[in-house]
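In my numbering, the protein residues as written are 534 to 838.
Each remark here refers to the structure printed beneath this line.
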Ligand SMILES: NC(=O)c1ccc[n+]([C@@H]2O[C@H](COP(=O)([O-])OP(=O)(O)OC[C@H]3O[C@@H](n4cnc5c(N)ncnc54)[C@H](OP(=O)(O)O)[C@@H]3O)[C@@H](O)[C@H]2O)c1
């Protein structure tokens, strides 16, 4: 099958310029716009000349219903929530705060979106699953988080489902961008500075380029998608394999050796198998770019820390 035949089977609306049209006039409000994904959204909307509004803590606090109501009005037909408590390890000691943001905040946004009849786009995580599977997690699979962060994100998903709002819930994993705090930037730095590194090889997942994710989200919105979906880059790898690729593409000579999760304990438990199933998504918007392709693109534009 040639790419053109495949594209034709999936949709006529497969180029960014075509699906960005569906956001024109919706004046999206980007919440958490200073974060890694929030910046990717701002850049994509700027690049497509789409009018939008945005805010981060200081402009809008999603844990405060009055703040949400005062900032997001009926002119915004789409609200994109990129705000979250994202420190997985810190959440183990700070679960109450994480819950207020990752569940209470989502509940506030969803209630307000239902009142003003706006569509809410929300992002969640592979951490809502226990990682014990050996086949990819489908979007409708039951949640069973291992740690505090996953529990708070799972509670946010449940709040969204019970809200009565029109929502698009997108689970992602291993998010990275040329900016922000992420594994790719950390490892690009470490592999160029250190002669040797050990990286866990018994956790497998799917990296997600934030920029590619924004484009996929806009494409799903253009297709009228609602409910739970999964978006990641294509393919899968372990953290060790991901690091090897980062070092190779950066031309770093660091000696990278695999180790086990047991040898590298962290405060929060990590799911061993974090592969999100992409079948439903790929049927709607076409094949996801392989993670190596997105990684090379991001590394070309990596911002120094
Ligand atoms: N990063 C990953 O690997 C990953 C993986 C799977 C899923 N996700 C999900 O993807 C989404 C985006 O993640 P990200 O990495 O882009 O997050 P991020 O860089 O940590 O950005 C989150 C933003 O939300 C802001 N925020 C925190 N509390 C807020 C509140 N009460 N009201 C308004 N804004 C608030 C943060 O401000 P402060 O910095 O000042 O707190 C920050 O600017 C999140 O839903 C996350 O759970 C991320």
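Where a beta carbon is used, it is the ideal one built from N, C-alpha and C, also for glycine.
Quick caveat, the model's predicted, so the values are computed rather than measured.
Residue i, buried or exposed, once every other Cβ within 10 Å from all chains shown has been counted against 16
{"i": "residue 599", "result": "exposed"}
{"i": "residue 587", "result": "buried"}
{"i": "residue 680", "result": "buried"}
{"i": "residue 665", "result": "exposed"}
{"i": "residue 818", "result": "buried"}
{"i": "residue 729", "result": "exposed"}
{"i": "residue 727", "result": "exposed"}
{"i": "residue 557", "result": "exposed"}
{"i": "residue 580", "result": "exposed"}
{"i": "residue 537", "result": "Low confidence applies to residue 537: its pLDDT is 35, below 50, so where it sits in the model is not reliable enough to give any reading."}
{"i": "residue 793", "result": "exposed"}
{"i": "residue 697", "result": "exposed"}
{"i": "residue 833", "result": "exposed"}
{"i": "residue 551", "result": "exposed"}
{"i": "residue 814", "result": "buried"}
{"i": "residue 757", "result": "exposed"}
{"i": "residue 561", "result": "buried"}
{"i": "residue 668", "result": "exposed"}
Closest by C-alpha distance to residue i, when choosing among the options
{"i": "residue 513", "options": "825, 628 and 764", "result": "Coverage of the chain is limited to positions 534 through 838, which leaves residue 513 absent and any answer about it impossible."}
{"i": "residue 847", "options": "766, 687 and 637", "result": "The structure shown does not extend to residue 847, since the chain is modelled only from 534 through 838, so no value can be given for it."}
{"i": "residue 713", "options": "582, 562 and 838", "result": "838"}
{"i": "residue 821", "options": "748, 551, 631 and 829", "result": "748"}
{"i": "residue 742", "options": "677, 625 and 709", "result": "709"}
{"i": "residue 595", "options": "575, 565 and 580", "result": "565"}
{"i": "residue 770", "options": "677, 805 and 697", "result": "805"}
{"i": "residue 570", "options": "668, 704 and 687", "result": "704"}
{"i": "residue 648", "options": "616, 560, 608 and 589", "result": "608"}
{"i": "residue 853", "options": "667, 676, 761 and 673", "result": "The structure shown does not extend to residue 853, since the chain is modelled only from 534 through 838, so no value can be given for it."}
{"i": "residue 591", "options": "567, 585, 584 and 576", "result": "567"}
{"i": "residue 740", "options": "827, 678 and 791", "result": "827"}
Cβ separation of residue i and residue j, assumed to be a contact under 8 Å, to the nearest whole Å
{"i": "residue 639", "j": "residue 620", "result": "The pair is not a contact, with the Cβ atoms about 17 Å apart (cut-off 8 Å)."}
{"i": "residue 839", "j": "residue 553", "result": "Since the first residue shown for the chain is 534 and the last is 838, residue 839 is missing from the structure and cannot be characterised."}
{"i": "residue 733", "j": "residue 797", "result": "5 Å"}
{"i": "residue 725", "j": "residue 687", "result": "Not a contact, Cβ separation roughly 37 Å."}
{"i": "residue 612", "j": "residue 651", "result": "5 Å"}
{"i": "residue 801", "j": "residue 682", "result": "6 Å"}
Between the stretch 691–699 and the stretch 643–652, do at least 3 Cβ pairs fall closer than 8 Å? yes
Counting beta carbon pairs with one atom in the stretch 653–661 and one in the stretch 715–730, are three or more of them shorter than 8 Å? no
Measuring CB atoms only, is the stretch 600–611 touching the stretch 780–792, in the sense that at least three cross pairs come out at less than 8 Å? no
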